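The structure appears below as structure tokens.
Protein chains in written order, with the numbering used here: chain A, 13 to 125; chain C, 86 to 198.
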């Protein structure tokens with residue numbers, strides 16, 4: 013089955029530690045996205061990538077980094093510079109045109125120890 | 086800049102009653118508009134989208150939404166609520182040139198017997 017897979021489902025970070033969230037898709041989509049979800053704030057865009065080897069900052073990119081070395085993979089690193097990392101992180105992909113729907117993964121809940 | 090406002094963070098209805106979830110948007114260009122649904126601890130699923138064809142859009146699970154340019158609104162309705170409709174609903178707007186979605190804060194729908 014085609015889809016988008018996020019791992020792990022739950023992740024814990026210690027102070028000063030970098031952690032990486034995985035996102036893989038087998039839909040052959042050009043565009044991929046990372047959103048952060050906090051209660052009562054909806055989804056906020058962290059980074060997005062329209063093609064391989066290219067990505068742009070979203071609205072809340074500070075403290076995060078990404079790479080897009082392969083079409084099917086878009087990992088997100090939460091760095092120690094992100095002082096409030098506890099949130100639900102959602103990865104999505106699409107064909108990249110403005111009217112195309114996003115396909116979402118099932119999310120990763122990141123918490124701070 | 087584009088933005089979305091969802092009026093009412095929580096809506097409660099009786100089973101069988103009308104569901105009305107409100108969404109107003111702001112966009113400097115004709116927008117693409119979407120409604121997504123999220124069940125607990127899951128990603129988002131597309132309910133319906135408006136891409137400048139018919140102003141009344143029908144989606145999955147009996148939901149529909151009407152694009153009203155004069156009111157800059159895209160409210161979501163369902164004639165008769167079912168217990169399985171309990172979830173969080175997000176309205177989103179997209180720039181036509183690329184697929185970067187801006188989400189509203191979400192409305193949590195509760196359905197009681």
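Note that beta-carbon positions come from the ideal geometry of N, C-alpha and C, so glycine has one too. Because the structure is a prediction, the values reported are computed rather than measured.
Looking only at C-alpha atoms, which of the options sits nearest to residue i?
i, options, result
"residue 112 of chain C", "C:98, C:122, C:180", "C:180"
"residue 90 of chain C", "C:158, C:128, C:139", "C:158"
"residue 29 of chain C", "C:146, C:189, C:143", "For residue 29 of chain C there is no data in the structure shown, the boundaries of chain C being 86 and 198."
"residue 35 of chain A", "A:56, A:97, A:78", "A:78"
"residue 192 of chain C", "A:19, A:52, A:17", "A:52"
"residue 119 of chain C", "C:86, C:92, C:142", "C:142"
"residue 15 of chain A", "A:37, A:28, A:108", "A:37"
"residue 75 of chain A", "A:18, A:30, A:123", "A:30"
"residue 98 of chain A", "A:112, A:82, A:67, A:49", "A:49"
"residue 138 of chain C", "C:145, C:147, C:124, C:154", "C:154"
"residue 56 of chain A", "C:198, C:197, C:178", "C:178"
"residue 107 of chain C", "C:94, C:86, C:99, C:98", "C:94"
Does residue i pass the burial test, meaning 16 or more other C-beta atoms within 10 Å, or should it be called exposed?
i, result
"residue 115 of chain C", "exposed"
"residue 106 of chain A", "buried"
"residue 61 of chain A", "buried"
"residue 86 of chain A", "buried"
"residue 160 of chain C", "buried"
"residue 44 of chain A", "buried"
"residue 129 of chain C", "buried"
"residue 117 of chain C", "buried"
"residue 187 of chain C", "buried"
"residue 117 of chain A", "buried"
"residue 71 of chain A", "exposed"
"residue 69 of chain A", "exposed"
"residue 170 of chain C", "buried"
"residue 135 of chain C", "buried"
"residue 112 of chain A", "buried"
"residue 124 of chain C", "exposed"
"residue 82 of chain A", "exposed"
"residue 54 of chain A", "buried"
"residue 33 of chain A", "buried"
Assuming residue i and residue j are in contact, meaning their beta carbons sit under 8 Å apart, how far apart are those beta carbons, in whole angstroms?
i, j, result
"residue 121 of chain C", "residue 132 of chain C", "6 Å"
"residue 185 of chain A", "residue 88 of chain A", "Past the edges of chain A, shown from 13 to 125, lies residue 185 of chain A, and the structure says nothing about it."
"residue 150 of chain C", "residue 162 of chain C", "7 Å"
"residue 26 of chain A", "residue 125 of chain A", "5 Å"
"residue 42 of chain A", "residue 58 of chain A", "The Cβ separation is near 18 Å, so there is no contact."
"residue 80 of chain A", "residue 96 of chain A", "That belief does not hold up - the Cβ atoms of residue 80 of chain A and residue 96 of chain A are roughly 25 Å apart, past 8 Å."
"residue 166 of chain C", "residue 102 of chain C", "5 Å"
"residue 123 of chain A", "residue 24 of chain A", "5 Å"
"residue 119 of chain A", "residue 18 of chain A", "6 Å"
"residue 100 of chain C", "residue 164 of chain C", "Not really, about 13 Å apart at Cβ, beyond 8 Å."
Shorter than 6 Å, the distance from the beta carbon of residue i to the closest heavy atom of the ligand PLP, or not?
i, result
"residue 121 of chain C", "Absence of the ligand PLP from the depicted structure is noted, as is the absence of any ligand whatsoever, leaving it without description."
(message) Please give me, in chain order, every unbroken run of the beta strand (DSSP E) with length at least 3 that falls completely inside the region 90 to 164 of chain C.
(response) Taking 3 residues as the minimum length, the beta strand (DSSP E) runs contained wholly in the region 90 to 164 of chain C are 95 to 99, 104 to 111, 117 to 123, 129 to 135, 141 to 143, 149 to 153, 158 to 163, in order along the chain.
(request) Enumerate, from N- to C-terminal direction, the unbroken beta strand (DSSP E) stretches of 3 or more residues contained entirely within the region 34 to 108 of chain A. (result) Entirely contained in the region 34 to 108 of chain A, the beta strand (DSSP E) runs reaching 3 residues are, in chain order, 43 to 50, 54 to 63, 66 to 69, 76 to 78, 88 to 90, 99 to 106.
(request) For the region 95 to 118 of chain A, enumerate the residues whose C-beta is nearer than 9 Å to any C-beta of chain C, in chain order. (result) Of all residues in the region 95 to 118 of chain A, 100, 102, 103, 104, 106, 107, 108, 109, 110, 111, 112, 113, 114, 115, 116, 117, 118 have a Cβ within less than 9 Å of some Cβ in chain C.
(request) Report the residues of the region 125 to 136 of chain C with a CB closer than 8 Å to any CB of chain A, ordered along the chain. (result) Answer set for the region 125 to 136 of chain C: 126, 127, 128, 129, 130, 131, 134, 136.
(message) Counting only Cβ-Cβ distances shorter than 9 Å, please list the residues of the region 52 to 85 of chain A near chain C, keeping chain order.
(response) Under the 9 Å Cβ criterion, the region 52 to 85 of chain A contributes 52, 53, 54, 55, 56, 57, 60, 62, 68, 70, 71.
(request) With 8 Å as the C-beta to C-beta threshold (strictly closer), list the residues of the region 92 to 103 of chain C near chain A in chain order. (result) Result list: 94.
(request) Determine which residues of the region 105 to 120 of chain C have a Cβ less than 8 Å from any Cβ of chain A, and write them out in chain order. (result) Listed in sequence order: 117, 119.
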